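Visitor: I'd like to ask you about the structure that follows.
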Amino acid sequence: MRRLLIALLLTISASVLAAEPSIEELLDATDDINRGESSITTIEMQVKTARYERTMSMQAWSRGEENSLIRILSPAKDAGTTTLKVGEDMWNYLPKVDRTMKIPQGMMSGSWMGSHFSNDDLVKSNRLADEFTYVNEGLVDGVYTIVCTAKPDAPVVWGKVVVKVREDKIPVEVAYYDEEGTLARTMAFSDVRDFSGRMVPATVTLTPADKPEEFTRVTTVEADFDVEIDDRIFTLQALKE
Amino acid sequence: MLALAWRNIWRHTRRSLITVAAMSLGAAMCMPMMAMMEGMFSTMFDVAITQQTGHVRVEHPDYPETLSMFDTLQDAESMLTAMEALPEAAAVTWRAYGAGLLGTEDKSVGTQLIGVDPVREVAVSPTESMLDQGTWLSAPGQILLGHGLAEELGAALGDEVVIMTQAADGSIGAGAYAVIGTMRSGNKMRDKQGAWMSLADLQELLYIEDQVHEVVLLASGGKGGVAALQDQVTAVAGGERLVRSWQQAQPQMAEMLKSGEAQSMIMLGVIFFLAGFGVLNTMLMSVFERTRELGVMMALGTRPGKLVQLIIIESLLLAIIGAVIGGLLGGGLDYLMCTSGINLGYGDLDLNGVVFPERIKGIFHPDQVVMVLASMMSVTVLASLWPAWRASRLNPVQAMKAD
Chain Z
126 MRRLLIALLL
136 TISASVLAAE
146 PSIEELLDAT
156 DDINRGESSI
166 TTIEMQVKTA
176 RYERTMSMQA
186 WSRGEENSLI
196 RILSPAKDAG
206 TTTLKVGEDM
216 WNYLPKVDRT
226 MKIPQGMMSG
236 SWMGSHFSND
246 DLVKSNRLAD
256 EFTYVNEGLV
266 DGVYTIVCTA
276 KPDAPVVWGK
286 VVVKVREDKI
296 PVEVAYYDEE
306 GTLARTMAFS
316 DVRDFSGRMV
326 PATVTLTPAD
336 KPEEFTRVTT
346 VEADFDVEID
356 DRIFTLQALK
366 E
Chain Y
129 MLALAWRNIW
139 RHTRRSLITV
149 AAMSLGAAMC
159 MPMMAMMEGM
169 FSTMFDVAIT
179 QQTGHVRVEH
189 PDYPETLSMF
199 DTLQDAESML
209 TAMEALPEAA
219 AVTWRAYGAG
229 LLGTEDKSVG
239 TQLIGVDPVR
249 EVAVSPTESM
259 LDQGTWLSAP
269 GQILLGHGLA
279 EELGAALGDE
289 VVIMTQAADG
299 SIGAGAYAVI
309 GTMRSGNKMR
319 DKQGAWMSLA
329 DLQELLYIED
339 QVHEVVLLAS
349 GGKGGVAALQ
359 DQVTAVAGGE
369 RLVRSWQQAQ
379 PQMAEMLKSG
389 EAQSMIMLGV
399 IFFLAGFGVL
409 NTMLMSVFER
419 TRELGVMMAL
429 GTRPGKLVQL
439 IIIESLLLAI
449 IGAVIGGLLG
459 GGLDYLMCTS
469 GINLGYGDLD
479 LNGVVFPERI
489 KGIFHPDQVV
499 MVLASMMSVT
509 VLASLWPAWR
519 ASRLNPVQAM
529 KAD
């Protein structure tokens, strides 16, 4: 959930912090922004592949790293299709057949809803600062470049992650490299806007390195932070409603 | 002459019987063995050819490499109609493939979806023998699970399973299907993670109307008619379509079947080589023992050519007795091999992804008997040539002095 919602759920940013942020703070800000927070957001996801291009609108409920629920609102063909994440488990509700399916571990690297995001992107809660060793390459034009290298045996799919994050802790770009050091995909953040009093990059664009014409772009339309969400939302019963 | 030869072979009853026994046992072993090989080849052929490639297949030029859902044959219906009209085509079917998540709320598994035409498929692959439990597809909304997949899901006949997949337009395809049976197709991968459903259901699920991934044909001339069929298919297939024979699509399988046939020939050769030595030994012994007698015959005016004839007829008589006994014995074993099969005791034997059932059943073909008996006859005649030649070269005077 975290990576997808980075764009949606950036927490209080660096404007409140006077001191120069540490690398850990910058990394945490990049991948742990919604920890302990809750949000209700409306997003649009545009997926462009060699074969098709489509835009879906969705509503997402999220609480901390543990729980989230994302429901497709349109197009009509997919409306009602809902993903529930509880911890590391994930279910999809399929309104066409009124059935729920649990996603098995073996399918976690598969595409989520036809996008370039994987199911793992929604479920995994590895933290950059924990699973990677990192080096700050320095500040250029107000943007830090931090090179993170996976620790041996870390349970992560990437060998290297290069994070570019502004002084005010708003991420600019995250580049993911595989274990051989080849660029696999790039996630770019743009369009920083104010959502209920906090500055958030409203658009995140994920581009696979091997198919540069393809992308998945998630745009935040509305976002409410720190809202009360009923526990019931994150249950299999609620999934079908 | 015949009577003389007949009497001669029973002068040493025990020796002749042992020779006959060796020949008939050889023949009796060969026949069921060939039936078993035929059975194994046919299993391999079914798994690789009738269930997959066909004698001749048509697909999108990129499909063999990409195996992508998007690389389909368009206008499948009109193409199929054209293919069915071909004189060299004995049977034609079309199939589509997909991948999806199949299961229930508690458990789901990544599955290969095989969309088959419930009616046409029956004419191409042995669907009846592929079924493990239940019945073959007959109506929309039905699904057959590979037996391994059914076990893993704990799905039983009558259960409902859900499939979730990515449709060709990017939307989320979903469907619910009733499990009407399980499959033991012999294809290890499919039995473990495959599901068979009607082509129409799969096309609807994937949003690929009037598209298929392959059109598969069997030649009316069998394996021998493949080239002729391929020419006809190529002529009507049109552009952007790849037409291949099964040998082109499955070179490894073609190689394997060829080497398998060579192996059974070698086995046959070894058995008859040994039987041939038996005959050679028997006839040589009998010529040596009868040196005096043969000398007398020659002295009385029997020409060497007649002696050659005599020895060859004696051998042939042995061979015929051997053939009759061997044929009967082999026929019996053949019958057992083809009806109840043999348990090799390996459990399910897996060879290159083709799983053979625990009991391998033979397949009888008249050619097998003809080949075994004919090779027995010819080996016997060959083996008797040398003793016959020796007999004809005897010097009557010296021969009569022998012993």
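If you're matching them up, the sequences are chains Z and Y in order. In terms of my numbering, the first sequence is residues 126 to 366. In terms of my numbering, the second sequence is residues 129 to 531. Think of the CB as a built atom: it goes at the ideal place given N, C-alpha and C, for glycine as much as any other residue. Quick caveat: nothing in here was measured; it's all calculated off a predicted structure.
Should GLY231 (chain Y) be flagged as near chain Z, meaning a C-beta pair shorter than 8 Å?
Guide: Locating residue 231 (chain Y) in the second sequence gives position 103, counting from the first residue. So, interface residue.
Visitor: If contacts are defined as beta-carbon pairs under 8 Å, then VAL268 (chain Z) and LYS289 (chain Z) qualify, I think. What distance do you get, rounded to the angstrom?
Guide: Position 143 of the first sequence holds residue 268 (chain Z). Position 164 of the first sequence holds residue 289 (chain Z). The Cβ separation is near 5 Å, so the contact holds.
Visitor: Quick check: is the beta carbon of ASN217 (chain Z) nearer than 8 Å to any beta carbon in chain Y?
Guide: By one-based count along the first sequence, residue 217 (chain Z) stands at place 92. It does: the Cβ of ASN217 (chain Z) has a partner Cβ on chain Y nearer than 8 Å.
Visitor: Within the chosen definition, does the stretch 163-183 of chain Z reach the stretch 348-358 of chain Z through at least 3 CB pairs nearer than 8 Å?
Guide: Short answer: they touch.
Visitor: With the cut-off set at 8 Å, would you say LYS235 (chain Y) and LYS227 (chain Z) are in Cβ contact?
Guide: In the second sequence, the residue the question calls residue 235 (chain Y) occupies position 107. In the first sequence, the residue the question calls residue 227 (chain Z) occupies position 102. Result yes, Cβ atoms of LYS235 (chain Y) and LYS227 (chain Z) sit closer than 8 Å.
Visitor: Is any beta-carbon of chain Y found at less than 8 Å from that of PRO229 (chain Z)?
Guide: Stepping through the first sequence from its first residue, residue 229 (chain Z) is reached at position 104. Chain Y contact via Cβ: present.
Visitor: Would you call the CB atoms of PHE257 (chain Z) and THR270 (chain Z) closer than 8 Å?
Guide: Position 132 of the first sequence, counting from 1, holds the residue named residue 257 (chain Z). Position 145 of the first sequence, counting from 1, holds the residue named residue 270 (chain Z). Contact flag unset, no.
Visitor: If contact means a Cβ-Cβ distance below 9 Å, which residues of the stretch 277-305 of chain Y contact chain Z?
Guide: Hits within the stretch, in order: GLU288, VAL290, ILE291, MET292, GLN294, ALA295, ALA296, ASP297, GLY298, SER299, ILE300, GLY301, ALA302, GLY303 and ALA304.
Visitor: Can you list, in chain order, the residues of its chain with a C-beta nearer than 6 Å to that of SER138 (chain Z)? Leave out the 5 residues immediately preceding and following it.
Guide: Position 13 of the first sequence, counted from the first residue, corresponds to residue 138 (chain Z). Residue placement at SER138 (chain Z) is flagged as unreliable, the pLDDT there being 35, under the threshold of 50; a coordinate-derived value is accordingly withheld.
Visitor: Please report whether the beta-carbon of LYS316 (chain Y) lies at a distance below 8 Å from any beta-carbon of chain Z.
Guide: Counting from 1 along the second sequence, the entry for residue 316 (chain Y) is found at position 188. No, LYS316 (chain Y) does not count as interfacial toward chain Z.
Visitor: When you compare only the Cα positions, how much space is there between LEU151 (chain Z) and GLY269 (chain Y)?
Guide: Walking along the first sequence from the start, residue 151 (chain Z) turns up at place 26. Walking along the second sequence from the start, residue 269 (chain Y) turns up at place 141. Answer to the nearest angstrom: the Cα atoms are 53 Å apart.
Visitor: Find the residues of chain Z that neighbour LYS235 (chain Y), judging by a C-beta separation of less than 8 Å, and give them in chain order.
Guide: Walking along the second sequence from the start, residue 235 (chain Y) turns up at place 107. In chain order: LYS227 and PRO229.
Visitor: What does GLY238 (chain Y) reach in chain Z if we use C-beta pairs closer than 9 Å?
Guide: The residue labelled residue 238 (chain Y) in the question sits at position 110 within the second sequence. Within chain Z, the residues near GLY238 (chain Y) are PRO229, GLY231, MET232 and GLY235.
Visitor: Just to confirm, is the Cβ distance from VAL282 (chain Z) to ARG291 (chain Z) under 8 Å?
Guide: Locating residue 282 (chain Z) in the first sequence gives position 157, where the first residue counts as 1. Locating residue 291 (chain Z) in the first sequence gives position 166, where the first residue counts as 1. Not a contact, by the Cβ cut-off of 8 Å.
Visitor: Note down the Cα distance separating GLY161 (chain Z) from LEU333 (chain Y), rounded to an integer number of angstroms.
Guide: Here residue 161 (chain Z) refers to the residue found at position 36 of the first sequence. Here residue 333 (chain Y) refers to the residue found at position 205 of the second sequence. Low per-residue confidence applies at GLY161 (chain Z): pLDDT is 46, beneath 50, and the placement is therefore not dependable, though the value from the model is reported in the following sentence. Straight-line Cα distance between these residues: approximately 40 Å.
Visitor: Which same chain residues, not among the five before or five after ALA382 (chain Y), have their C-beta less than 6 Å away from its C-beta?
Guide: On the second sequence, residue 382 (chain Y) is found 254 positions in, with the first residue counted as 1. Around ALA382 (chain Y): GLN375.
Visitor: Just to confirm the assignment, what range does the beta strand (DSSP E) spanning LYS173 (chain Z) have?
Guide: Mapped onto the first sequence, residue 173 (chain Z) falls at position 48. It spans 163-173 - the beta strand (DSSP E) in which LYS173 (chain Z) sits, taken as one unbroken run.
Visitor: In whole angstroms, what is the alpha-carbon distance linking VAL248 (chain Z) and GLU280 (chain Y)?
Guide: Residue mapping note: residue 248 (chain Z) aligns to position 123 of the first sequence, counting from 1. Residue mapping note: residue 280 (chain Y) aligns to position 152 of the second sequence, counting from 1. If you take the alpha carbons of VAL248 (chain Z) and GLU280 (chain Y), they lie about 24 Å apart.
Visitor: Taking Cβ positions only, does PHE198 (chain Y) come closer than 8 Å to chain Z?
Guide: On the second sequence, residue 198 (chain Y) is found 70 positions in, with the first residue counted as 1. Yes, because at least one Cβ of chain Z sits closer than 8 Å to the Cβ of PHE198 (chain Y).
Visitor: Let me know the secondary structure DSSP gives TRP216 (chain Z) once reduced to three states.
Guide: Along the first sequence, one-based indexing puts residue 216 (chain Z) at 91. It is a strand residue.
Visitor: Answer with yes or no whether the minimum CB distance from MET170 (chain Z) to chain Y is below 8 Å.
Guide: As a working mapping, residue 170 (chain Z) is identified with position 45 in the first sequence. Answer no: the Cβ-Cβ gap between MET170 (chain Z) and chain Y never drops below 8 Å.
Visitor: Within 10 Å of its beta-carbon, does GLN526 (chain Y) have 16 or more other beta-carbons around it, so buried, or fewer, so exposed?
Guide: Taking the second sequence and counting its residues from 1, the one referred to as residue 526 (chain Y) is at position 398. Classification of GLN526 (chain Y): exposed, given that the 10 Å Cβ count is below 16.
Visitor: For a cutoff of 8 Å on Cβ pairs, would you count THR332 (chain Z) as touching chain Y?
Guide: In the first sequence, the residue the question calls residue 332 (chain Z) occupies position 207. No, THR332 (chain Z) lies away from the interface with chain Y (no Cβ there is under 8 Å from its Cβ).
Visitor: With a threshold of 7 Å on Cβ separation, who are the neighbours of GLN358 (chain Y) within its own chain once the five nearest residues in sequence on each side are excluded?
Guide: On the second sequence, residue 358 (chain Y) is found 230 positions in, with the first residue counted as 1. Answer for GLN358 (chain Y): VAL184, VAL371 and SER373, listed in chain order.
Visitor: Who are the neighbours of LYS202 (chain Z) on chain Y, taking C-beta pairs under 7 Å?
Guide: Working through the first sequence from its first residue, we reach residue 202 (chain Z) at position 77. Correct list: SER299.
Visitor: Considering LEU273 (chain Y), what are the terminal residues of the beta strand (DSSP E) in which it resides?
Guide: As a position in the second sequence, residue 273 (chain Y) is number 145, starting the count at 1. LEU273 (chain Y) -> beta strand (DSSP E) spans 270-274.
Visitor: Shortest alpha-carbon distance to ALA511 (chain Y) belongs to which of Y:HIS140, Y:THR147, Y:TRP138 and Y:MET129?
Guide: Counted from its first residue, the second sequence places residue 511 (chain Y) at position 383. Out of Y:HIS140, Y:THR147, Y:TRP138 and Y:MET129, Y:THR147 has the C-alpha closest to the C-alpha of ALA511 (chain Y).
Visitor: Would you mind giving the Cβ-Cβ distance between LEU346 (chain Y) and ALA218 (chain Y), rounded to the nearest angstrom? I have them listed as a contact below 8 Å.
Guide: In the second sequence, counting from the first residue as 1, residue 346 (chain Y) sits at position 218. In the second sequence, counting from the first residue as 1, residue 218 (chain Y) sits at position 90. That pair is a contact at about 5 Å.
Visitor: Over what stretch of residues does the alpha helix (DSSP H) that includes LEU214 (chain Y) continue unbroken?
Guide: As a position in the second sequence, residue 214 (chain Y) is number 86, starting the count at 1. Premise fails: LEU214 (chain Y) is in no alpha helix (DSSP H) and is neither H nor E.
Visitor: Looking at chain Y, is there any beta carbon in it that lies within less than 8 Å of the beta carbon of LYS221 (chain Z)?
Guide: Mapped onto the first sequence, residue 221 (chain Z) falls at position 96. Answer yes: the Cβ-Cβ gap between LYS221 (chain Z) and chain Y drops below 8 Å somewhere.
Visitor: Please confirm whether ILE137 (chain Y) and GLU417 (chain Y) have their CB atoms less than 8 Å apart.
Guide: On the second sequence, residue 137 (chain Y) is found 9 positions in, with the first residue counted as 1. On the second sequence, residue 417 (chain Y) is found 289 positions in, with the first residue counted as 1. Not a contact, by the Cβ cut-off of 8 Å.
Visitor: Mark THR209 (chain Y) as exposed unless 16 or more other C-beta atoms lie within 10 angstroms of its C-beta, in which case mark it buried.
Guide: The residue you call residue 209 (chain Y) lines up with position 81 of the second sequence. The residue in question, THR209 (chain Y), is exposed, as its Cβ has fewer than 16 Cβ neighbours within 10 Å.
Visitor: Given a cut-off of 8 Å on the beta-carbon distance, is the pair MET173 (chain Y) and GLY388 (chain Y) in contact?
Guide: Counting from one through the second sequence, the residue named residue 173 (chain Y) turns up at place 45. Counting from one through the second sequence, the residue named residue 388 (chain Y) turns up at place 260. Here the sequence assigns Phe to residue 173 (chain Y), which means Met is not the residue at that position. Result no, Cβ atoms of PHE173 (chain Y) and GLY388 (chain Y) do not sit closer than 8 Å.
Visitor: Would you report the Cα separation of GLU190 (chain Z) and ALA348 (chain Z), rounded to the nearest angstrom?
Guide: Locating residue 190 (chain Z) in the first sequence gives position 65, counting from the first residue. Locating residue 348 (chain Z) in the first sequence gives position 223, counting from the first residue. Roughly 17 Å between the two C-alpha positions.
Visitor: Quick one: grab the DSSP three-state call for LEU522 (chain Y).
Guide: Counted from its first residue, the second sequence places residue 522 (chain Y) at position 394. Coil, per DSSP.
Visitor: Check whether the Cβ of LEU346 (chain Y) sits closer than 7 Å to any heavy atom of the ligand SAM, and report yes or no.
Guide: Ligands displayed in this structure: none; no statement on the ligand SAM is therefore possible.
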